[in-house]
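Enquirer: The structure follows.
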Amino acid sequence: MATLEDLRAAVIRGDAASALAGVEKALAENVEAQTILNDGLINAMTEVGARFEAGEFYIPEMLIAARAMQKALEPLKPLLVESGTKPLGTVVIGTVQGDLHDIGKNLVAMMLEGAGFAIRDLGTNTTPDAFVQAARDGADIVAMSALLTTTMPAMKATIEALENAGVRSGVKVMIGGAPVTQAYAEQIGADGYSADASSAVRLAKGLIGAA
Ligand code: B1M
């Protein structure tokens with residue numbers, strides 16, 4: 001579809017104004033918000049990653065593409081989030097220590113919020129202690145995102161910190177992010193892994209028995 005192809009191209013070249021206009025045009029053409037997200041935005045970021053790997057893009061290009069995606073997400077957010085009345089549970093979510101990637105984490109948070117969870121977003125570069133404190137303050141699920149192989153060990157460190165603080169048994173731990181796998185989740189003692197934002201919702205509901 002030409003509109004989504006134009007949108008995808010705008011994100012790839014980091015043109016935030018055109019990306020935003022592209023989302024608005026697609027919405028006016030009655031394209032589903034989820035389709036715009038998947039085929040226009042996420043697809044564009046996958047291409048950006050491929051070009052980075054191929055040495056065609058450098059950090060600034062990745063950064064402006066990410067900013068264009070964030071901008072284009074704005075009109076989609078209220079459509080992706082349907083307000084629930086009573087929260088299903090509280091999810092504390094963050095990108096782990098050392099890691100500044102937040103687009104995927106934000107999408108997961110948005111989808112969980114849309115599914116009826118109360119969200120406490122700790123942001124990026126979240127220390128194990130910050131996760132522990134948030135769990136103490138009251139959480140059903142601790143959700144960690146990592147996009148770098150070098151920051152995945154911070155997930156293990158956070159689970160250990162939860163154990164050492166005596167709060168591990170009171171929360172479920174779910175993890176995700178491009179380099180993370182089910183096998184890694186099992187290896188570090190997380191309760192669950194999901195590959196994308198929509199399966200994260202199914203996983204979170206399952207973890208608290210609300211599936
Ligand atoms: Co970075 N980066 N980056 N980057 N970046 C990657 C991740 C990389 C794969 C690019 C590449 O080499 N092809 C590579 C990692 C290699 C590796 O570790 N194996 C990489 C690198 C190397 C780096 C730097 C080290 C570069 C440098 O400085 N030399 C640096 C690190 C900075 C740091 O964090 N300390 C860096 C910096 C950046 C920017 C700041 C420029 C920017 C981030 C901006 C931002 O997030 N605000 C950036 C970007 C944009 C990317 C790519 C291109 C796109 C990431 C993204 O947003 N994807 C990325 C390449 C790629 O992934 N294709 C890359 C879209 C997003 C929707 O997907 O985050 O995977 P994702 O989230 C998905 C799922 O993974 C899942 O659901 C989401 C929605 O479906 N998911 C969860 C995510 N979290 C979840 C949690 C869950 C469940 C599911 O439960 C809790």
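Going by the numbering used here, the final residue of the sequence shown carries number 211, and the count climbs one at a time with no gaps. Where a beta carbon is used, it is the ideal one built from N, C-alpha and C, also for glycine.
1) Identify which residue in I103, T150, D99 and V201 has its Cα closest to the Cα of T126.
2) I'd like to confirm the pairing. Which residues does DSSP put opposite V11 in its beta bridges?
3) Could you tell me if the beta carbon of M144 falls within a distance shorter than 7 Å of some heavy atom in ligand 1?
4) What is the DSSP secondary structure of A17, reduced to helix, strand or coil?
5) Taking 7 Å as the cut-off, is the beta-carbon of L207 closer than that to any non-hydrogen atom of ligand 1?
6) Cα separation between E163 and D15?
7) So, is R212 buried or exposed, given that buried needs 16 or more other C-beta atoms within 10 angstroms?
8) Where A146 and L27 are concerned, what is the direct C-alpha to C-alpha distance, given to the nearest angstrom?
9) Locate the alpha helix (DSSP H) running through V132, then write down its first and last residues.
10) Report, in whole angstroms, the separation of the C-beta atoms of P128 and M152, which I expect to be a contact under 8 Å.
11) Output the distance between the C-alpha atoms of G116 and S198, rounded to the nearest integer angstrom.
12) Determine the burial state of N106: buried for a count of at least 16 other Cβ atoms within 10 Å of its Cβ, exposed for fewer.
13) In terms of alpha-carbon separation, which member of A66, Q34 and E47 lies closest to D19?
14) Counting pairs of Cβ atoms below 8 Å between the segment 52 to 62 and the segment 87 to 94, do you hit three or more?
15) Determine the direct distance from the alpha carbon of A10 to that of I208, and round the result to whole angstroms.
16) Quick one: what's got a C-beta closer than 8 Å to L203's C-beta in the same chain, skipping five residues either side?
17) Any heavy atom of ligand 1 closer than 7 Å to the Cβ of F52?
Expert: Working from what's here:
1) As a first step, residue 126 is located in the sequence shown; it is residue number 126 there, counting from the start. Among I103, T150, D99 and V201, the Cα nearest to that of T126 belongs to D99.
2) Sequence index remark: in the sequence shown, residue 11 carries index 11 (1-based). According to DSSP, V11 bridges with nothing at all.
3) Start at 1 with the first residue of the sequence shown, and residue 144 comes out as number 144. Yes, since a heavy atom of ligand 1 falls inside the 7 Å radius drawn around the Cβ of M144.
4) Taking the sequence shown and counting its residues from 1, the one referred to as residue 17 is at position 17. Three-state result, A17: helix.
5) Numbered from 1 along the sequence shown, position 207 holds the residue referred to as residue 207. Incorrect: L207 has no Cβ contact closer than 7 Å to ligand 1.
6) Against the sequence shown, residue 163 aligns to sequence position 163. Against the sequence shown, residue 15 aligns to sequence position 15. Roughly 45 Å separates the two Cα atoms.
7) Any answer about residue 212 is impossible in this case: the structure gives the chain only from 1 up to 211.
8) Counting from 1 along the sequence shown, the entry for residue 146 is found at position 146. Counting from 1 along the sequence shown, the entry for residue 27 is found at position 27. One C-alpha to the other measures close to 31 Å.
9) Residue mapping note: residue 132 aligns to position 132 of the sequence shown, counting from 1. Where V132 is concerned, the enclosing alpha helix (DSSP H) stretches over P128 to G138.
10) Taking the first residue of the sequence shown as position 1, residue 128 is located at position 128. Taking the first residue of the sequence shown as position 1, residue 152 is located at position 152. That belief does not hold up - the Cβ atoms of P128 and M152 are roughly 13 Å apart, past 8 Å.
11) Here residue 116 is taken as the residue at index 116 of the sequence shown, counted from 1. Here residue 198 is taken as the residue at index 198 of the sequence shown, counted from 1. For G116 and S198, the distance between alpha carbons rounds to 13 Å.
12) By 1-based counting over the sequence shown, the position of residue 106 is 106. By the 10 Å Cβ count, N106 comes out buried.
13) What you label residue 19 is simply residue 19 of the sequence shown in a count that begins at 1. It should be noted that the sequence gives Ala, not Asp, for residue 19. Checking every option, the nearest Cα to that of A19 belongs to A66.
14) no
15) Working through the sequence shown from its first residue, we reach residue 208 at position 208. Working through the sequence shown from its first residue, we reach residue 10 at position 10. C-alpha separation (whole angstroms): 39 Å.
16) As a first step, residue 203 is located in the sequence shown; it is residue number 203 there, counting from the start. So the list reads M174, G192, Y193 and S194, once near-sequence residues are dropped.
17) As a working note, residue 52 is residue 52 in the sequence shown. Indeed, a heavy atom of ligand 1 lies less than 7 Å from the Cβ.
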